[in-house]
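Before any comments, here is the structure.
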Amino acid sequence: MPRTHPRGIPPGPTAQDGLLRLLRTRLNPADAMTLTAGGTPGITRFTPAQLLRTARLFARDPDLSALLGRADTGPRREHLLEASPHLVIWLVAWPPGCATAWHRHEVSSGALLVIDGLLIEQSAQGPTVGATEQRLLVAQDGRTFPGVHHHRLANPGTHPALSIHVHATTLA
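Numbered according to the working numbering, the sequence shown spans residues 1 to 172.
In structure tokens form, the structure reads like this:
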């Protein structure tokens, strides 16, 4: 039986090949100018703009919400959309009142895009939780963050929220 992919990526030897093909054809090559030496721009290294554009690209899929169902109650639900050794893309459903604990992305830069609903992000202003910055993200709002980012997310609303998270390298 031929393999197909829900994102419309042509079948290849691995999901990584399909993701790499997608990134090569959809991301702006000019972003490579802002990257430092080492690795392949847009393949093994990503600018913040590329990470956010990747989230927006995946958010265009009209069938995303069906992957997790409606998140009215219960715990946060996650669905791995794509993964390669250099990039991981998650879809996350947030029931009302759901929140993460404080967590740190040690070496993983990333992007977050709210597809539906709203999320509040609290970010630590240093290596430990002390002074924090709070930001409200509503549908279609996105943000990027560098490696060594310490934060937590919550859905303070009365309706479910849906978001895409794109991470370069590994999560700690």
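All C-beta atoms, glycine included, are put in the ideal place defined by N, C-alpha and C.
- Exposure of HIS79 is indicated by the presence of fewer than 16 other C-beta atoms within 10 angstroms of its C-beta.
- About 5 Å separates the Cβ atoms of ALA111 and ALA55, confirming a contact at the 8 Å cut-off.
- Secondary structure of PHE46 (DSSP, three-state): coil.
- With respect to VAL166, LEU87 sits close: the two C-beta atoms are nearer than 9 Å.
- DSSP places ALA66 inside the alpha helix (DSSP H), whose first and last residues are 64 to 68.
- Annotation for VAL114: the continuous beta strand (DSSP E) segment containing it runs 110 to 116.
- Here DSSP, grouped into helix, strand and coil, assigns ALA59 to helix.
- Contact between LEU118 and ALA161 is confirmed by a C-beta separation of about 6 Å, below the 8 Å threshold.
- For PHE58 against ALA168, the beta-carbon gap comes to about 15 Å, at or over 8 Å, which does not count as contact.
- Secondary structure at THR54: helix, using DSSP grouped into helix, strand and coil.
- By the Cβ-count criterion, THR73 is exposed, with fewer than 16 other Cβ atoms from all chains shown falling within 10 Å of its own Cβ.
- Non-local C-beta neighbours of HIS150 in its own chain, meaning closer than 6 Å and more than five positions away in sequence, comprise ARG104, ALA124, ordered along the chain.
- Annotation for HIS159: no beta strand (DSSP E) segment contains it, and DSSP assigns it neither H nor E.
- In this structure ARG143 is in contact with LEU137, their Cβ atoms being roughly 7 Å apart against a cut-off of 8 Å.
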